[in-house]
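Heads up: the sequence shown begins at 3 in the numbering used here, then just goes up one per residue. Written out below as C-alpha cells is the structure these notes cover.
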Amino acid sequence: MSDSELDTYAKITIHYEPRTVLHLGPHASVNLDVEGNNRKVSFLIPAGPVPQHITLGTCNRWVEIVQGPLISSCAIDDDQREVLLHLFLAYRAFVRALPGIKSDHWYRFAGQLVTLIGP
Numbered sequence: 003m004s005d006s007e008l009d010t011y012a013k014i015t016i017h018y019e020p021r022t023v024l025h026l027g028p029h030a031s032v033n034l035d036v037e038g039n040n041r042k043v044s045f046l047i048p049a050g051p052v053p054q055h056i057t058l059g060t061c062n063r064w065v066e067i068v069q070g071p072l073i074s075s076c077a078i079d080d081d082q083r084e085v086l087l088h089l090f091l092a093y094r095a096f097v098r099a100l101p102g103i104k105s106d107h108w109y110r111f112a113g114q115l116v117t118l119i120g121p
C-alpha cells in the first residue's frame with residue numbers, strides 16, 4: 003500500500019495520561035484521537051478504578067459517535083470503526099454490570115489497555 007493510499011484512512015492515536023481530577027483524586031485516562039480529512043474527534047476515556055462515574059448514557063453516546071457521521075467524516079474505514087465499537091461496547095458492559103462481569107475483569111481490561119498503549 004502506498005503512502006498516498008494510507009493517507010486516505012483515519013489516523014487513530016491513543017495515549018495514557020495519569021492526572022488528578024477534582025473530587026475524584028488520582029485518575030488514569032486514555033486519550034483516543036481519530037483524525038482524517040481535516041477533522042479530529044477526541045475521546046477521553048477512564049482507565050483507572052472501576053468506572054462508577056461513567057453513565058450508561060455516556061457509553062451510548064460513544065457508540066453513537068463511532069457509528070455516526072462525525073467519525074465517518076474522519077475517513078475511518080470499517081475495520082477501524084469495528085475496533086472502536088468493540089472498545090466502547092466493552093466499557094458499556096462494565097457500566098451495565100452485566101451478570102458474570104466482575105470488578106477484577108475491569109482491572110484486567112484496563113490494565114491490558116494501558117499495557118497496549120505503553121509509556
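No residue lacks a Cβ here, since even glycine has one placed at the ideal position from N, Cα and C. Here the structure is a predicted model, which means the values were calculated and not measured.
Do residue 32 and residue 76 come within 7 Å of each other at the CB atom, strictly closer than that value? No, the Cβ-Cβ distance between residue 76 and residue 32 is not below 7 Å.
Rounding to the nearest angstrom, what Cα-Cα distance links residue 73 and residue 89 in this structure?
Cα to Cα, residue 73 sits roughly 15 Å from residue 89.
- Give the single residue among 42, 119, 113, 17 whose Cα lies nearest to the Cα of residue 78. Closest option to residue 78, Cα to Cα, is 42.
Start-to-end residues for the alpha helix (DSSP H) that takes in residue 105 = Unbroken alpha helix (DSSP H) run through residue 105: 105 to 119.
Roughly how far, in whole angstroms, is the beta-carbon of residue 14 from the beta-carbon of residue 82, given that I think they are within contact range, below 8 Å? The beta-carbon separation of residue 14 and residue 82, rounded to 6 Å, stays under the 8 Å limit for a contact.
Should residue 99 be labelled buried (16 or more other beta-carbon atoms within 10 Å of its own) or exposed? Exposed, by the Cβ-count rule.
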